[in-house]
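A.B. asks: Can you keep this structure in mind? I'll have questions shortly.
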Amino acid sequence: LNTNLYASNNRNRFKVAALTESGDNADFPGGSILPTEYQRDRYDIGYGFRSGAHTLQLDYGNNDTGDTGTPSLPMDIRYIRGDLYNLNYAFDAAGDTRVELSLYGSELRHAMDNYGMRQPPASAADWRRNKASSDNAGFKLEASRRDASGQWLAGVDGFGAEHNSNIDNPNNPMFFVVNFNNARREVLGAFIERQQDFSAAWSGEFGIRYNNVSMDADEVDGTPAMMMPPAQVLRDQFNNADRKQTDDNVDLVAKAWFKASDSSSWYLGLAQKTRSPSYQERYLWLPLESTGGLADGYTYTGNIELDPETSRQVEFGLDFLQGSLTLSPRIFYNKVDDYIQGTPSDSAPAVMFVRMMNSMNGTDKPDPLQFNNVDAELYGFDMDWAWQLHQQ
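Here the sequence shown is numbered in my numbering, starting from 8 and rising by one per residue.
As C-alpha cells, then:
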C-alpha cells in the first residue's frame, strides 16, 4: 500500500508519503520456503521553497523494516530502523550558471538472529544475534555552466560512515564478539566534467575525478579469542596492526558519439574507475559470513593491506532508433588490476578456527576465504532494447 500527497503553489511545495509492504512465506508445489515473510514501513515528509533564483528543499524519511526472512543468509532480519535526512539548495545565476549544494545523512539500526524466525539451533549455545549500527553524513557542492557548444560541471563532495557490529547469545550473557568497532570510511573528492558538441555529427563527454579515501577501525575482542588460541591470534594480529589506511584514487572518462544518420549513432567510451575496499573487506577479523550479503556459504576474513581496484574499460556500440524500436548494442573489455576477491586463506589461525568450530558444532563449513587483490578481465556483449507498443 502506497500513498502520496502533494500540495504546491508558485513558491511552496509540500509532500507526504507513506508506504507499507508485507508478505507471507513464499509457497511452491512442495511446500513453503521458510522463512521468507517480510514487513516494511516507510514514511517521508518534505518541504520546498522558491524565491527568485533560490530554491530550498528539505526532506525527512523514516524506514522501519520488521521481521524479514533471508534463508540464503545465516540469520534473518529482525529490524532495520533509521532516519534519513536530505537538504538541497540551488541558485540559478545569470548566464546559464547553476550552483547546487546537498547535505544528507542517516542513522540506521539493524538486528539479525538465527532463532526468531527460522528453526532455532538445537543447542542453545549456538543461538546468535547480531546488532549493528551505521551513521552516515555527506555533502556535495557543484556548479554547472552552459555555453554555445556544451556544458561544464565541477564540484567537490564528501561522505563519511561509521559502522559497529556486535554479536551475542541471548542464552549466554558471557558470550560476545565485537565484530566491527567504529569501522570508519571517509571519502573526499573533487571532479570536473565537460560535455562538448564539436559539430552537428560529433559530440563528446570528458571528465576526471580525484578521491581521497581514509579508513580506520578500533580494536576488537570476543569470547572465542579468550577460549580458542586461533581466535586469540587473529584478534591480536588485528589489534596490533596499523589499521589506518589511505587511498588516493583517480577516475577518468572519455566518451564520443558520431551521428551517422537521423536514426543511428556510433559510440566509443574509455574509462578508468577505482574502488577502495569496503569496511567488511578490510576489517573483518574473525572468519564469519558478515560480507554484506554475498550469501555464498563461505566464511571470510578481511585484509587490512588491500589496494584499491583499478578498472580500465573500453566500450564500443551503436544507438539505433527507428519508429517504435530502440536498440543499443555494446561490446566491452574491462581489465581490472587489484580486483578484490575472496581466495583460499593462507592464514593458519583462520583455517584452524573454522575447522575447530566444525568439530565442535558438527558442521562441515569449507575452509575460510580471505579478501585479496587479484587481476581480472571482463569482456562481452550486452544490449538494451525497447519496443513502444503505443504512441504516447
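All C-beta atoms in this analysis are idealised placements derived from N, C-alpha and C, irrespective of residue type, glycine included. Predicted model only: the values in this text are computed from it and were never measured.
Over the uninterrupted alpha helix (DSSP H) stretch that includes Val240, give me the two end residues.
C.D. replies: The count along the sequence shown starts at 1 and reaches residue 240 at position 233. Start and end: 236-247.
A.B. asks: Where does Tyr122 fall in DSSP's three states?
C.D. replies: Position 115 of the sequence shown, counted from the start, is the residue given in the question as residue 122. Tyr122 falls in the coil class under three-state DSSP.
A.B. asks: Using beta-carbon positions only, say whether Gln377 and Tyr307 come within less than 8 Å of one another.
C.D. replies: Numbered from its first residue, the sequence shown carries residue 377 at position 370. Numbered from its first residue, the sequence shown carries residue 307 at position 300. It is a contact, given that the beta carbons lie within the stated cut-off.
A.B. asks: How do the region 61-75 and the region 95-102 stand: do at least 3 beta-carbon pairs fall below 8 Å, yes or no?
C.D. replies: At 8 Å Cβ cutoff, the stretches touch.
A.B. asks: For Asp314, which residues of its own chain have a beta-carbon under 7 Å away from its beta-carbon, when the five flanking residues on both sides are left out?
C.D. replies: In the sequence shown, the residue the question calls residue 314 occupies position 307. Taken in chain order, the residues that qualify are Asp345, Asn380.
A.B. asks: May I have the straight-line CA-CA distance separating Trp394 from Asp74, to the nearest angstrom?
C.D. replies: By one-based count along the sequence shown, residue 394 stands at place 387. By one-based count along the sequence shown, residue 74 stands at place 67. Distance between the alpha carbons of Trp394 and Asp74 is about 40 Å.
A.B. asks: Phe205 and Gly214 - do their beta-carbons sit closer together than 8 Å?
C.D. replies: Along the sequence shown, one-based indexing puts residue 214 at 207. Along the sequence shown, one-based indexing puts residue 205 at 198. Not a contact, by the Cβ cut-off of 8 Å.
A.B. asks: Looking at the structure shown, is Glu44 part of a helix, part of a strand, or coil, going by DSSP?
C.D. replies: Walking along the sequence shown from the start, residue 44 turns up at place 37. Looking at Glu44 - three-state DSSP - the assignment turns out to be coil, as it is neither helix nor strand.
A.B. asks: Identify whether Val361 lies in helix, strand or coil by the three-state DSSP scheme.
C.D. replies: Position 354 of the sequence shown, counted from the first residue, corresponds to residue 361. Here Val361 sits in helix by DSSP.
A.B. asks: Do Phe183 and Thr230 come within 8 Å of each other at the CB atom, strictly closer than that value?
C.D. replies: Mapped onto the sequence shown, residue 230 falls at position 223. Mapped onto the sequence shown, residue 183 falls at position 176. For Thr230 and Phe183, yes; Cβs fall inside 8 Å.
A.B. asks: Based on the DSSP secondary-structure assignment, which residues constitute the bridge partners of Ala84?
C.D. replies: In the sequence shown, the residue the question calls residue 84 occupies position 77. Residue 84 is actually Ile in this sequence, not Ala. Per DSSP, Thr75, Met119.
A.B. asks: Alpha carbon to alpha carbon, how far is Asp154 from Gln287? Give it in angstroms, no decimals.
C.D. replies: In the sequence shown, the residue the question calls residue 287 occupies position 280. In the sequence shown, the residue the question calls residue 154 occupies position 147. Approximately 45 Å, taken between the alpha carbons.
A.B. asks: Compare the beta carbon distance of Gly53 and Asn70 with 8 Å and say whether it is the shorter of the two.
C.D. replies: In the sequence shown, counting from the first residue as 1, residue 53 sits at position 46. In the sequence shown, counting from the first residue as 1, residue 70 sits at position 63. Cβ distance not < 8 Å, so Gly53 and Asn70 don't count as in contact.
A.B. asks: Smallest Cα separation from Pro180: which of Gly167, Arg135, Ala197, Gln126?
C.D. replies: On the sequence shown, residue 180 is found 173 positions in, with the first residue counted as 1. Cα-wise, what sits closest to Pro180 is Arg135.
A.B. asks: Between Leu117 and Asp225, what straight-line distance do the alpha-carbon atoms span, to the nearest angstrom?
C.D. replies: Stepping through the sequence shown from its first residue, residue 117 is reached at position 110. Stepping through the sequence shown from its first residue, residue 225 is reached at position 218. Correcting the residue identity first, residue 117 is His in this sequence and not Leu. So the two alpha carbons sit approximately 20 Å from each other.
A.B. asks: Within 10 Å of its beta-carbon, does Gln252 have 16 or more other beta-carbons around it, so buried, or fewer, so exposed?
C.D. replies: Residue 252 sits at position 245 when you count from the first residue of the sequence shown. Buried, by the Cβ-count rule.
A.B. asks: Could you please give the first and the last residue of the uninterrupted alpha helix (DSSP H) stretch that includes Gln398?
C.D. replies: For the purposes of this step, residue 398 is identified with residue 391 of the sequence shown, where counting begins at 1. Segment: none, Gln398 is in no alpha helix (DSSP H) and carries neither H nor E.
A.B. asks: Per DSSP, Leu160 forms a beta bridge with which residues?
C.D. replies: Within the sequence shown, the letter at position 153 stands for residue 160. According to DSSP, which records beta bridges pairwise, Leu160 is partnered with Ser151, Glu200.
A.B. asks: Should Arg18 and Arg57 be called a contact, given that it needs their Cβ atoms to be closer than 8 Å?
C.D. replies: Numbered from 1 along the sequence shown, position 11 holds the residue referred to as residue 18. Numbered from 1 along the sequence shown, position 50 holds the residue referred to as residue 57. The answer is yes: Cβ separation under 8 Å.
A.B. asks: What number of angstroms, rounded off, separates the C-alpha of Gln398 from the C-alpha of Thr333?
C.D. replies: The sequence position of residue 398 within the sequence shown is 391, counting from 1. The sequence position of residue 333 within the sequence shown is 326, counting from 1. Roughly 14 Å separates the two Cα atoms.
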